[in-house]
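Written out below as structure tokens is the structure these notes cover.
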Amino acid sequence: MEDGGVFNRLVSELSLSERGRLLSKLNSHSELTQEPLYVEEKGTAALDIKQQYEKTPWYMRLFYLIVGIFKSKTPESVFEDRLVARLGAIIDDKSPGLYDYRRELLLPDFQKELVGLKENSRFFYNALDVSVNRDKGAFFVFLASLEMPEIHKQLSEDTDPLTIARSNPGSSESEVHQKSLRTMENILNSITDDQRGVMYYNARSLYCLKELSSFLFDRIVNAFSFEPSAAGPACAVRLVRDQLVSLNNVLYSMSHVPSMPLLESLFVFMLQDHMGDVVFDVESEIKTLLSRAEVSLGGIRRFNKTVPLTLIIRCAVRNMALSPKAIPGGEDWFAVYRDYWKKQIDDQYREFAKTRKQKNLAEAFKQFLMGTDLKPLANAASDSDPDRITVAGALGLSFLAAFHTTIFSRDLNKVLRPILLDGEFYKRENRTEFTEAYNDLMKLDDTVSKFDSKLSAEGDYGKRYATAKGEIASLPIKRRKIQNVVQEASEESLRIIDTARRAMKTLIQVLNGILKKDPTGHFDTLSNLASFTGKNTPLFTDSIEDTLDKLEKALNLLDEVNILEVGK
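First residue of the sequence shown: 1, per full-length UniProt numbering; consecutive thereafter.
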């Protein structure tokens, strides 16, 4: 369904019904606390200084005016300074050891709480790294299969080009494709507002988790240095003010616990590499991860309760009107979801069209090769043996081997060999071109056979492929070595095909030159053409025309195979 097969692998291990049953079990057995992660304390709402100042008694406003004259400040500024000082005292009283408002210092306990928040947030980083960061579209599709199972089922089944083609037997391939896309749009348009709301909530939770788990905590933590008066590390709040504002916005935005379907999706993606293991209990593993998630979410919740970050920032920037702002994110879920399904349908259509072409080619092969079936390369990957090397051009090589045995050796060689041995070309370069092309086709069967042997367990490519697969190394290095072997083998395969194609084209040009007898052209005829015609046999020129026809058909089929295999 997607490059890399992420979703297909998960689908093969967990069907839609199995995902639903797993979610039900987790919901019934999970002890995930649903208490909000962020709750704004009563009495801590932002204040409009101008409105608050106007509400103060007249004699207090007079007092602020007099103080302001001595301090060269406006009465409103003096009033705000008193509110900030009062707020600092409240912070010191309710949350001692976090912030010294007089010296505007973050204290050792603040650093300790921040390190704890970093550690608890880090748990989600790995889960996000192997899910959303690796394939956002596949993740949203999996999540939607839990939140909107009927929509997922319709998109999976009703847009399948094969199903549509069976229902509309007279439709062309392009009509089938357009029908699939229209069906997809109709299904997507049927998603209700409630369903969209649930998915948006999940997407927002996901984005906030991502922002928190990847937050650069160390920029704040490392700004602390030993302060004798604080008996430990402290930090001037002005040094990290912007980072604190950003962190506060993220925590404020992530006010609710992520939903169970979202967590299940995260953990299924996290465990995907173990899904195929013989001894693996996905339910047990996810329960374990949920327990760890409970601890991490509890740590985030405790930080928000323990550290009045909004109040500290207000006090530090001396702005009583400051409030955290919700960060944007999650709005793109539907576009990502739609694009993924469109790509899924496009991929299915290409596979559908490829299957049709394969069927048509198989019929053309059988007709051209006089009923002979193609034999796949013995040592290349196939449906029955997918663990071998997947080689580009494998089908083309199989066709060339069958062409050599069935058509070239038995039929075409009866015409080409006499020309090679006895033909007297007017132009010497024509003989050279003909001989090289003839020899390339003559040794074709042996060339393909030798290449196939190199793919075997004892061959060069086969040995290197097995070594790369069995090597104990990091996954990227291992993949690169495997890919290098596959690429090298594929390049050799395509070179063999290209050589055969050029040989066929050359023979076609030479034979056309023999028949046209045009001395002004690059390819001319034979001076002894008449001597090739037997007394009681068909004219030799008829045999040349038949050979030309078969070479042109072979070349066309080879080009069709090449388009099918490598898209060229």
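A virtual CB, placed ideally from N, CA and C, is assigned to each residue, including glycine. Keep in mind the model is a prediction, meaning the values are calculated, not measured.
Problem set entry | Span of the alpha helix (DSSP H) around ALA402 | 394-403
Exercise. Are the beta-carbon atoms of LEU526 and GLU433 separated by less than 8 Å?
Worked result: no
Exercise. Which two residues bound the contiguous beta strand (DSSP E) that contains residue 606?
Worked result: The structure shown has nothing for residue 606, since the chain only spans 1 to 568.
Exercise. Looking at the unbroken beta strand (DSSP E) that takes in GLY459, where does it start and where does it end?
Worked result: First-last for GLY459: undefined, no H or E at that position.
Exercise. Looking at C-alpha atoms only, which residue of VAL141, LEU212, LEU239 and ARG302 is the closest neighbour of THR33?
Worked result: ARG302
Exercise. ASN512 to ARG417, Cα distance in whole Å?
Worked result: 16 Å
For this session: Quick one: grab the DSSP three-state call for GLY232.
Result: strand
Exercise. Are the CB atoms of THR390 and VAL485 nearer to each other than 8 Å?
Worked result: no
Problem set entry | Contact between the segment 225-239 and the segment 170-183 (3+ Cβ pairs under 8 Å) | no
Exercise. If you follow the alpha helix (DSSP H) that ARG301 is part of, which residue opens it and which one closes it?
Worked result: 282-306
Exercise. How would you call PHE70, buried or exposed, if buried means at least 16 neighbouring beta carbons within 10 angstroms?
Worked result: exposed
For this session: Say whether the segment 129-136 touches the segment 177-194, bearing in mind that this needs 3 or more beta-carbon pairs closer than 8 Å, one atom from each stretch.
Result: no
For this session: Please classify TYR101: does DSSP put it in a helix, a strand, or coil?
Result: coil
Exercise. Between the C-alpha atoms of GLU552 and TYR461, what's the straight-line distance to the nearest angstrom?
Worked result: 33 Å
Exercise. Whose C-beta lies closer than 8 Å to the C-beta of SER213 among residues of the same chain, with five residues either side of it excluded?
Worked result: SER121, ARG122, PHE123, PHE124, TYR125 and LEU128
Exercise. PRO96 to ARG61, Cα distance in whole Å?
Worked result: 32 Å
For this session: Quick one: grab the DSSP three-state call for residue 594.
Result: Since the first residue of the chain shown is 1 and the last is 568, residue 594 is not available in this structure.
For this session: Out of PHE110, PRO261 and ARG182, point me to the one whose CA is closest to GLN154's CA.
Result: ARG182
Problem set entry | beta strand (DSSP E) segments (min. 3 residues) lying fully within the segment 109-161 | none
Exercise. Could you give the distance in angstroms between the alpha-carbon of LEU309 and the alpha-carbon of GLU211?
Worked result: 17 Å
Exercise. Roughly how many angstroms separate the alpha carbons of GLY396 and LEU529, rounded to a whole number?
Worked result: 34 Å
Problem set entry | Assigned secondary structure, ILE220 (DSSP; H/G/I helix, E/B strand, else coil) | helix
Problem set entry | Collapsed DSSP secondary structure at PHE523 in the structure displayed | coil
For this session: Whole angstroms is fine: what's the gap from ASP160's alpha carbon to PRO519's?
Result: 58 Å
For this session: Would you mind giving the Cβ-Cβ distance between SER453 and ALA392, rounded to the nearest angstrom? I have them listed as a contact below 8 Å.
Result: Not quite, the Cβ-Cβ distance comes to about 18 Å (not below 8 Å), so this is no contact.
Exercise. Cα-Cα, which of LEU558, ILE514, ASP546 and PHE140 is closest to ALA503?
Worked result: LEU558
Exercise. So ARG479 is in the alpha helix (DSSP H); what residue range does that whole segment cover?
Worked result: 475-516
Exercise. What do you reckon, are the CB atoms on ALA144 and TYR349 nearer than 8 Å?
Worked result: no
For this session: For PHE215, name the three-state secondary structure that DSSP assigns.
Result: coil
For this session: Could you tell me which of ALA500, GLY116 and TYR59 sits nearest to SER296, measuring between CA atoms?
Result: GLY116
For this session: Excluding the 5 residues preceding and the 5 following LYS478 in the sequence, name in chain order all residues of the same chain whose CB lies nearer than 8 Å to its CB.
Result: ALA468, LYS469 and GLU471
Exercise. Would you call PHE7 buried or exposed, if buried means 16 or more other Cβ atoms sit within 10 Å of its Cβ?
Worked result: Per-residue confidence for PHE7 stands at a pLDDT of 48, beneath the threshold of 50, marking its modelled position as unreliable; no derived number is given.
Problem set entry | Buried versus exposed call for GLY521 [16 or more other C-beta atoms within 10 Å across all chains shown] | exposed
For this session: Kindly indicate which three-state DSSP category ILE472 falls into: helix, strand or coil?
Result: coil
Problem set entry | Beta-carbon spacing of GLU545, LEU515 below 8 Å | yes
Exercise. Residues bridged to PHE425 by DSSP?
Worked result: LEU526
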